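End of the sequence shown sits at 304 in the UniProt record's numbering; the numbers just go up one at a time, nothing left out.
For reference, the structure is listed below as structure tokens.
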Amino acid sequence: MQLSRTNLADIVYFLAIARHQSFRKAGLEVGISASALSHAMKGLETRLGIRLLNRTTRSVTLTAAGEELQGLISSPVNDIGQALETLNRLRDEPAGRIRLNVLSDGAKLLLGPVLPVFVDRYPDIEVDLTVTNRMVDIIGDGHDAGIRFGGTVPADMIAQRLSPDVAWAVVGAPDYLKRFGIPKHPSDLYQHRCLRIRLGNARIYHWQFSKEGQQLEIDAPGAVTIDETRVGVAMAMRGVGLMYVPAWVVERQIAEGSLHRVLEDWTHHDPGFHIYYSSFRQLPVGLRLLIDPIRELQPMGPLP
């Protein structure tokens, strides 16, 4: 079979399908419809004279021949893509659009100080932000990358650190602490009203504590569950309950006295914000250029 333009395109489509095992997700990556992909694969199989894909109504998997083909061509095709991307960077001024899915705290504390610098440097690059605390399939939803706490990044993604580790704090309003008392040990939280935290995957986050090598995890009780930090801080300030929150989020409120920190001798650190993206896609130039000023300005403090 000759290496024609059609065959080259179909090989790229085949690799996308092989990676995602889904016509829909592969179509989002390469920019054509699932039905067009299916038609292209039937044509490629006909020209090769061998079946590459097993299709059902719910999934698509590789045949033995498909696995063999994937192993043979993945590396050369990736090398070609990287070479072309290098040429594009040398030829063109930075332009285009980058689509990011960002945790709300990351949008405010990480991107907020950096984007004014970025848009001044690269006025022809559009930044399309989706700010949500819900964990999504960034590839399936059409995003180039996501920004989340390091511990929540999917294992099959490439991640780069953008901020220091997160130090967690338990805070409460003065009126709440006067009314219900000050917890002296994490186990005392079972006798308190707490603002429970829902993670992006709908799981309730357990409050974690460390002291002198001792590790504790508390399933904090409470009638109110939140998934947005700013809402939780406002509720904590009104005395709804104690809140477990990244310490840098409430620095101002603690300094002003509207919130008091408790259990200060019990600390816990989690991996800071990371930007993550698919290991199977070329990183857009605009995304590379956005990472640079974040690392340069370090808006949340020096990186380890």
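C-beta: ideal position from N, C-alpha, C; glycine also.
Treat the numbers as computed from the prediction; the structure is a model and nothing was measured.
Beta-carbon contacts of residue i that lie in its chain and below 8 Å, excluding the five residues immediately before and after
i: P246; result: D105, V166, A167, W168, A169 and T229
i: G257; result: P174
Nearest-angstrom Cα separation, counted from residue j out to residue i
i: M243; j: V233; result: 7 Å
i: L103; j: T132; result: 5 Å
i: F118; j: V249; result: 23 Å
i: V231; j: A173; result: 14 Å
i: I17; j: H206; result: 38 Å
i: R55; j: I138; result: 24 Å
i: V285; j: I182; result: 51 Å
i: I11; j: E251; result: 53 Å
i: D265; j: Q214; result: 12 Å
i: E29; j: G112; result: 28 Å
i: G49; j: G66; result: 12 Å
i: A155; j: S74; result: 21 Å
i: V262; j: T63; result: 59 Å
i: R288; j: L216; result: 39 Å
i: D120; j: R134; result: 30 Å
i: F180; j: H274; result: 37 Å
i: K178; j: Q191; result: 14 Å
i: Y122; j: L72; result: 39 Å
i: R58; j: Q208; result: 40 Å
i: R5; j: A107; result: 42 Å
i: Q21; j: L297; result: 40 Å
i: Y176; j: G31; result: 54 Å
i: E212; j: V224; result: 31 Å
i: G116; j: L8; result: Checking the displayed sequence, the identity of residue 116 turns out to be Pro instead of Gly. Their Cα atoms are separated by approximately 41 Å.
Cβ shell of residue i (< 6 Å), same chain only, five flanking positions each side left out
i: S33; result: G27
i: E126; result: R97
i: R193; result: G222 and G241
i: L44; result: D10
i: L189; result: P183, I218 and A220
i: A40; result: D10 and Y13
i: T130; result: N101
i: I197; result: Y205
i: D144; result: I98, R99, P284 and L287
Residue range of the unbroken beta strand (DSSP E) whose run includes residue i
i: V245; result: M243 to P246
i: residue 307; result: There is no way to answer for residue 307, as the model of the chain reaches only from 1 to 304.
i: K211; result: W207 to K211
Check whether residue i and residue j have beta carbons under 8 Å apart
i: T152; j: S210; result: no
i: S279; j: I80; result: no
i: L15; j: V77; result: yes
i: L52; j: L37; result: no
i: K42; j: G140; result: no
i: D124; j: P94; result: yes
i: L199; j: A236; result: no
i: L109; j: I294; result: no
i: G142; j: R203; result: no
i: P304; j: P164; result: yes
i: G241; j: L195; result: yes
i: R148; j: Y13; result: no
i: P271; j: G146; result: no
i: Q82; j: I291; result: no
i: V171; j: I254; result: yes
i: V114; j: P299; result: yes
Chain-order list of residues whose beta-carbon lies under 7 Å from that of residue i (same chain, five-residue window excluded)
i: V136; result: N101
i: F23; result: I17, A34, L37, S38 and V60
i: H269; result: D165, V166 and A167
Endpoints, alpha helix (DSSP H) assigned at residue i
i: L199; result: Taken as a continuous stretch (DSSP letters only), L199 belongs to no alpha helix (DSSP H), as it is neither H nor E.
i: D292; result: V285 to L297
Residue i: CB within 7 Å of a non-hydrogen atom of the ligand MN
i: R97; result: As far as ligands go, the structure on display features none, and thus does not contain the ligand MN.
Considering only residues of the stretch 59-142, which uninterrupted beta strand (DSSP E) runs meet the minimum length of 3 residues and lie entirely inside it, listed in chain order?
Counting only runs of 3 or more, we get 60-62, 96-102 and 125-131.
Which full runs of the alpha helix (DSSP H) of 4+ residues lie inside the UniProt domain "HTH lysR-type" (6-63), going along the chain?
Segments of the alpha helix (DSSP H) lying fully in the UniProt domain "HTH lysR-type" (6-63): 23-30 and 34-48.
Please list the segments of the alpha helix (DSSP H) lying wholly inside the stretch 223-282, counting only runs of 4 or more residues, in order along the chain.
Every alpha helix (DSSP H) of 4 residues or more that sits fully in the stretch 223-282 is shown, in chain order, as 229-237 and 251-256.
If you scan the stretch 142-180 from start to end, which runs of the beta strand (DSSP E) of 3 or more residues do you find wholly inside it?
When DSSP assignments are scanned along the stretch 142-180, the uninterrupted stretches of beta strand (DSSP E) that are 3 or more residues long and fall wholly within it turn out to be 145-149, 157-161 and 166-172.
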